[in-house]
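Everything in the sequence shown is counted per the UniProt record's numbering, starting at 1 for the first residue and increasing by one. Glycine is no exception: its CB is placed at the ideal position from the N, C-alpha and C atoms.
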Amino acid sequence: MDGSRGRFLVVAAIGLVVGVVVGVVIGYFSRQPGSAAPWTEELVRDGDASAGRRVQEEILPENIEENLRRLTSVPHIAGREMDLGQAEELRDRWLQYGLDSARLTPYDILLSYPSSEEDRPSRVTLMEADGTVVIQSQVEEAPLDHYQDDPNIVPPFNAYSASGDVEGELVYVNYGRVEDFFHLQRDLNIDPAGKICIARYGSIFRGDKAEKAEQFGCLGLIIYSDPADYSARGYPVYPDGWMLPPSGVQRGTLMIAQGDPLTPFYPANEYAYRLSEEEAKVVAGLPGIPVHPIGFGVGIELLRNLAGNEAPADWRGDLNITYRTGPGFQQPHAGRRVRLQVNVQNEVKRTYNVIGVIEGSVEPDRYVIMGNHRDAWVFGSVDPSSGTAVQEEVARAFGKLKQEGWRPRRSLVFASWGAEEYGLIGSSEWVEEYSKVLSERAVAYLNVDIAALGNFTFRSSASPAMFQSVFDATKRVPDPAVNPAGSSYSSVYDSWAAKLPKDEADPNSLPKINQLGSGSDYTPFFQHLGISSIDFRFICDPAVLDYYALYHSSYETFDLVKNFIDPEFKVHQAVGRVLAEMALDLADSLVLPIDPTAYSTALQDIAGSVRTEYSTQFDAQGISMAYLDSAVDNFTTAALRLKNRMSDIDKKNPLAVRLVNDQLMQLERGFIDPLGLPGREWYRHVVYAPSAHNSYAGQAFPGLADAMFDIENAANQTQRWEEVKKQLAVITYTVQSASTAIEEGGL
């Protein structure tokens, strides 16, 4: 290269560099104030204001009706052919609707079925002393409509019951609660040990009835549905109405633990280590006595001539008899006996979850999860298929928005769980398998087990972290009018607040929200991992019945919903709209719609209740609540500061937004004790857990409540009071730790 050419290239290169630098400087200083690259604007954009309206308009009642008709066309118990068939169909539909992905997650789990041997049915027999049969329960429910012609209907049974053939005197134990057994033993001097006990369904979880019956020595347990709880007077029975007929029988599981009983704490995948069935019975609390359900048509004949004391007023149902406790029968029937034959078989079977995802555009690693279980004891038109039908339509509506160019800020996850009815198995196994990811990334879990068991009003059970979101969502959804005169309420919120107020004396009261116990798929998310959760549905009028009458019977059909609950499917539509609005708020809002002060209010209320209930006993033992009060005060201060930071945050700073959102998302995790509750280690939430004596009901400060239960009759008073002190210290530490976690610095 000659010198002149080299100098020319050097000069040209310098000129090029200078030109680029000058161009960059000019470009930088000529920017419009506030301008930013498109990707930075995306980081701090708030949700699309029109998305809520669009998704509400897209959720159509006729689609939900058709979904329900299809889902309830055949029985679909877990572990059988339709478990896989419906899972594959739902996966394909979600993909067709436009979800980014949908897949099956299989688990091999221990399930329970009636014996397949025709000559070994489960039944209850009332016999004379010479063995003559007085009455015997039918193996199947009476065929009252064409649905009962289906050969795949599983006969009434209680899953995981011990098999057995026992005979003895009969004792009536009311609802089979621990206080009912205490009343028999302590007040009436009646020992149920060595007797066959009969309890009515209701009040507590059936598995707790079986556990208490075994603990108090019953040979076996019969559970019947009393008309007082399942067939209100003045209303026609199915198929002419929505009340339970005499032949109707409630199926259901007896397992108290959650998840696969053979693989506790770990997912039931192909390489899992499995306990033996005998080991699982101890770990999972499977009953060691035979248990069987019957209808009140047989129940009345068993109870009609019982001997013994007349039952207390609150033990009396609505059968046309004098309720007595037994044991045994009055003259001239004193020689009568009851025989209970139960034959069930446990099998390892495969169930399937379906997981669908619409990925978030900004925070795809943050998940808002919507869930409903798919399996049913028979047709399951209410439980769970009303919820399945709604969730499918919500997925379609969101898929339509996505196809039109919309994406949520955070990922939306749609989950269809398998084998919920047996003990929340599908959801628990999935949570156990993905616990590390979910603990770090899940924003909230929204559960719609049942969409509509009635048309009276909306009802919710939730973490306090979800209160604001559900209030906001229900205010935006029109109230579904189901009466000819039309609705007098403009929104679901207005109806809810008027019909189920938190404070009946206050005309401006907030709606009542119940504590989360167990009984549905929010349990592993909330109780095990500390993911803020909610469950909601429309209910029937509690002045008529507390729950829907045909629950878990073969009469829970499409006709029940179409003819008596929601003929136009407007209630189902409203539930779908609430679900969509909540999911949209949580997935698309720049700052999460969580009010941390709702939790501090809840903690103050709980601490006040503890003081009211236990202060006299605490004072006698020299136990002070001062440290707990201080911890609650500290949490209250920290929650208010976090709420103020939410208001003052620089919404143009994505790191500041992410920091606050992470604290809001992790708020619930602060109440998780990794060691779990005493004797119930799988439950780890220190503030809320199922009652130890009723798995359906929520119990605040459960460790303390368990330690205080019946403490005055404890054999070792010193030991029990030491446990009370320990649990009070655990609660105090946990609340204080949670307050530290939501402070700005943290340390």
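- Taking 4 residues as the minimum length, the alpha helix (DSSP H) runs contained wholly in the UniProt domain "Transferrin receptor-like dimerisation" (623 to 742) are 626 to 648, 654 to 666, 702 to 708 and 717 to 741, in order along the chain.
- Annotation: L579 to Y230 spans about 29 angstroms, alpha carbon to alpha carbon.
- About 10 angstroms separates the beta carbon of I198 from that of T325, a gap too long to meet the 8 angstroms contact definition.
- Taking I672 as reference, the option from H183, V687 and F471 with the minimal CA-CA separation is V687.
- Sequence-distant partners of G454 (beyond 5 residues in either direction) whose C-beta falls short of 8 angstroms from its own C-beta, in its chain, are F538, I539, C540, D541, Y548 and I565.
- V354 is positioned such that its CB atom lies no closer than 9 angstroms to that of F265.
- CA-CA distance, T40 to K402, rounds to 22 angstroms.
- Secondary structure note for I77: it is in no alpha helix (DSSP H), with a DSSP letter that is neither H nor E.
- In the DSSP annotation of this structure, the continuous segment of the beta strand (DSSP E) that includes Q341 starts and ends at R337 to V342.
- Spatial neighbours of V348 in its own chain (CB-CB distance under 6 angstroms, excluding positions within 5 residues in sequence) are listed in chain order as D108 and L110.
- Within its own chain, the residues whose Cβ lies closer than 7 angstroms to the Cβ of F181, once the five positions on either side in sequence are excluded, are V173, P192, K212 and F216, listed in chain order.
- The beta carbon of A102 is closer than 6 angstroms to those of R91, W94, L95 and G356 in its chain, skipping five residues each way along the sequence.
- Of the residues assessed, T557 falls on the buried side of the cut-off, its CB having 16 or more other CB atoms within 10 angstroms.
- The beta carbons of V338 and E169 sit closer together than 9 angstroms.
- Straight across, the Cα-Cα distance linking I300 with L126 is about 11 angstroms.
- Where N63 is concerned, the enclosing alpha helix (DSSP H) starts and stops at P61 to L71.
- In the three-state reduction of the DSSP assignment, M466 falls in the helix class, which pools H, G and I.
- Around the CB of S427, 16 or more other CB atoms lie within 10 Å, so the residue is classed as buried.
- Judged by their CB atoms, R316 and R366 are not nearer to each other than the 9 angstroms cut-off.
- Excluding five sequence positions before and after D318, the CB atoms of its chain that fall closer than 6 angstroms to its own CB belong to P227 and A228, given in chain order.
- For E301, the enclosing alpha helix (DSSP H) begins and ends at F296 to L303.
- Beta-bridge analysis with DSSP links A102 to G356.
- DSSP places H333 in the coil class of the three-state scheme, outside both helix and strand.
- Listed in chain order, the non-local C-beta contacts of N694 below 7 angstroms within the same chain comprise I204, F205 and D208, local neighbours out to five positions each way being set aside.
- The DSSP-derived three-state label of S276 is coil.
- Its Cα nearest to that of H146, the residue P239 stands out among P239, F467, A505 and L728.
- Within the model, the alpha-carbon separation for A78 versus Y273 is close to 22 angstroms.
- Just measuring C-alpha positions, the residue of G220, I321, N346 and R304 sitting nearest E277 is N346.
- Residue pairing by DSSP places A442 opposite Y367 in a beta bridge.
- By alpha-carbon distance to A697, the top candidate from T523, E568 and W682 is T523.
- The beta carbon of Q736 lies closer than 7 angstroms to those of A631 and N634 in the same chain, with the five residues before and after it left out.
- Apart from the 5 residues on each side of it in sequence, T388 sits with its Cβ closer than 6 angstroms to the Cβ of L71, N372 and R374 in its chain, given in chain order.
- Within the stretch 232 to 292, the runs of alpha helix (DSSP H) at least 4 residues long that lie entirely inside it are, in chain order, 277 to 284.
- Looking from the CA of D605, the closest CA among M255, F618, T616 and L628 belongs to L628.
- Taken in chain order, the whole alpha helix (DSSP H) runs of length 4 or more contained in the stretch 556 to 628 are 570 to 588 and 596 to 620.
- Listed in chain order, the non-local C-beta contacts of Y599 below 7 angstroms within the same chain comprise P464, A465, A639 and L667, local neighbours out to five positions each way being set aside.
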